[in-house]
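Colleague:
Residue numbers (our numbering): 1089 to 1379.
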């Protein structure tokens, strides 16, 4: 016959409290990591959109003239931004005029249009995974347009460009690696994990202490009940708490007092009855001897 394993009240309290602590800590950690990922992603989008708009604005004249020196200046400006993984400047037909890929990229991603736009800007973007590097990138694309402006002192070509209002003259494609974002998220995850473990350890310690304090009076009361079941009526129950357990202990102590009094009365009655029986027995024995 197998004996059914029973968990004590302390174990149940501990399991319940630890489960709640773990669930709370896990939920907070997940929300923290998701929030950090969202914030870093939004920061990367904002940075990429700003750089793309600045690059488009600064390359209008270079794209229109297709001048090598002007394109070289744009190249230097883009190379100075470390976050850029690759860039490509193209004419209106998508023919590359200037492009560069930083290691570990060996080739640039293909030129494509995206439906997603950042805020109210003309910057299009999408997430890609490049086969040559195996990493993730946010690919930005912005059309370079020639708009009206104050061309005083500029060349005749630039003045001609200014008359073509919002007319596309080419495109700029930029790539920002998500590796930095992932490293930051991993750092956030690491710190979150450390603090979560510390929080859980403190919570478990507090749980054990509080559970022990809560269940200790109950365990004492269980011992008193078992003793009463064996006929041992303890005169005093040393449980003094200002809760239901203390009230239960006080009521049980009153009950034990009454049971003890009843037991003493029964014992006294039995003792008196035994004495009467002995006395009556002696009287009968004396009567029989006299007869």
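Ideal placement from N, C-alpha and C gives every residue a C-beta, glycine not left out.
Smallest Cα separation from residue 1130: which of 1194, 1214 and 1157?
Modeller: Proximity to residue 1130 across 1194, 1214 and 1157 peaks at 1214, based on C-alpha coordinates.
Colleague: Assuming residue 1197 contacts residue 1218 under a Cβ cut-off of 8 Å, what Cβ separation, rounded to an integer in Å, is found between them?
Modeller: The Cβ separation is near 6 Å, so the contact holds.
Colleague: Between which two residues does the alpha helix (DSSP H) holding residue 1207 run?
Modeller: Where residue 1207 is concerned, there is no enclosing alpha helix (DSSP H), given that its DSSP letter is neither H nor E.
Colleague: Within the chosen definition, does the stretch 1289-1303 reach the stretch 1133-1141 through at least 3 CB pairs nearer than 8 Å?
Modeller: no
Colleague: How would you write the range of the beta strand (DSSP E) that residue 1188 sits in, first residue to last?
Modeller: Counting along the chain, the unbroken beta strand (DSSP E) around residue 1188 starts and ends at 1184-1189.
Colleague: Check whether the stretch 1221-1233 touches the stretch 1260-1269, counting contact only when three or more Cβ pairs, one atom from each stretch, lie closer than 8 Å.
Modeller: yes
Colleague: Pairs of beta-carbons, one from the stretch 1149-1162 and one from the stretch 1172-1185, closer than 8 Å: are there three or more?
Modeller: yes
Colleague: Are the beta-carbon atoms of residue 1147 and residue 1232 separated by less than 7 Å?
Modeller: yes
Colleague: Contact check, residue 1124 vs residue 1273 under 8 Å by CB: the rounded distance?
Modeller: 6 Å
Colleague: Sort out for me which residues DSSP pairs residue 1310 with in a bridge.
Modeller: None, per the DSSP bridge assignment.
Colleague: Can you tell me whether residue 1117 is helix, strand or coil according to DSSP?
Modeller: The answer is helix: DSSP assigns residue 1117 an H, G or I state.
Colleague: If you check the beta carbons only, do residue 1298 and residue 1121 fall under 7 Å apart?
Modeller: no
Colleague: Let me confirm a value: residue 1184 is counted as buried when at least 16 other C-beta atoms fall within 10 Å, else exposed. Which label applies?
Modeller: exposed
Colleague: So, are the CB atoms of residue 1230 and residue 1105 less than 7 Å apart?
Modeller: no
Colleague: I'd like the ranges of any alpha helix (DSSP H) spanning at least 4 consecutive residues and lying wholly in the stretch 1122-1209.
Modeller: 1148-1153 and 1156-1167
Colleague: Here's the rule I'm using: 16 or more other beta-carbon atoms within 10 Å means buried, otherwise exposed. How should residue 1109 be labelled?
Modeller: buried
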